[in-house]
Each structure stands twice: as structure tokens, then as C-alpha cells.
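Peer 1: Take the sequence shown: its position 18, counted from the start at 1, is 843 in our numbering, and no numbers get skipped.
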Amino acid sequence: MSTAQKISEAEKILAILESPEKFDNFVGIVHDIFLHLLDEYNVKFGLKIDRMGLEKFKTVAKKSGNIDAISFLIWYEKEYKKLRNDPELGQFLEKEYSTPNDMVQIGARLLDEAKKIAYYAYENF
Numbered sequence: 826m827s828t829a830q831k832i833s834e835a836e837k838i839l840a841i842l843e844s845p846e847k848f849d850n851f852v853g854i855v856h857d858i859f860l861h862l863l864d865e866y867n868v869k870f871g872l873k874i875d876r877m878g879l880e881k882f883k884t885v886a887k888k889s890g891n892i893d894a895i896s897f898l899i900w901y902e903k904e905y906k907k908l909r910n911d912p913e914l915g916q917f918l919e920k921e922y923s924t925p926n927d928m929v930q931i932g933a934r935l936l937d938e939a940k941k942i943a944y945y946a947y948e949n950f
């Protein structure tokens, strides 16, 4: 499944978001968006990483010396860290978080940020 498909899946869940369980499912899909994005660029840059994760991507990209992969990695880490440091949204990139009362609005903001990152990557890398 591609990053774009994961975004579409998250949009569908967001449209019917009504319970903490669905919010948990939604947050899991947002996490998948970031993993799928890394995996797509793993393939694009020919890094041949089996089990994707940011640390593996970082290690393999640096070892490969692939300038495009390293440039992508630097940009990706900066953007992901910016989102993770967001006082309202960052907690949802962690394993444990509190389900907000305004989960639809928070979910929409989180998805918008994930989409911005993915679409910027598609346009520039």
C-alpha cells in the first residue's frame, strides 16, 4: 500500500470519527503514512531495507553515500521533529497519548500535517 492510499484511508476514518477506538485506529494509520513514505523512498533510492524504520533508513542512507537519500533524510527528520515537537499534535506520534475531546479537529490537523510532509516529499524528492 502506498502513502497516498494510507492518506485516503485516514481521510475515510476521519470522516466517521466518533469514538476513542476509531481515533486510535486513525492515529495508527497516520503512523503508517510516515512509515510508508520512508519505504517508498527506500525503494526510490535503492537502499533495499527490509524492515523499515527511521533508524534503519538513517543508517543505510548514510552508509550508501547516496546524496539524494541523505538529503531526503535530513529534510524528513527536520519535518518529523517539527511535528513531534508541536505541543498539541506531537503526542500522537508517541506510543501513548490521551484521546482529546475534540478528536475530529485534532485528527484533521494531524492528517493535514502528515499530508503536507508527504506531498512536499513527492514534489521535491
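The beta-carbon is built from N, C-alpha and C at its ideal position, and this holds for glycine as well.
1) Does the beta-carbon distance from ALA939 to VAL852 come in below 8 angstroms?
2) Considering only residues of the same chain and omitting the five flanking positions on each side of PHE897, which have a CB-CB separation below 6 angstroms?
3) Starting from the Cα of LYS887, find the closest Cα among ASN926, LYS903, ASP911 and PHE870 and give me that residue.
4) Any idea what DSSP makes of ASP937, helix, strand or coil?
5) Whether or not the stretch 915-923 and the stretch 836-845 are in contact is what I'm after, with contact meaning three or more pairs of Cβ atoms, one per stretch, closer than 8 angstroms; do they touch?
6) When we look at the beta-carbon of MET826 and count the other beta-carbons within 10 Å, is it buried (16 or more) or exposed?
7) Three-state secondary structure (DSSP) at GLY853?
Peer 2: So, to answer that:
1) no
2) TYR866 and PHE950
3) PHE870
4) helix
5) no
6) exposed
7) helix
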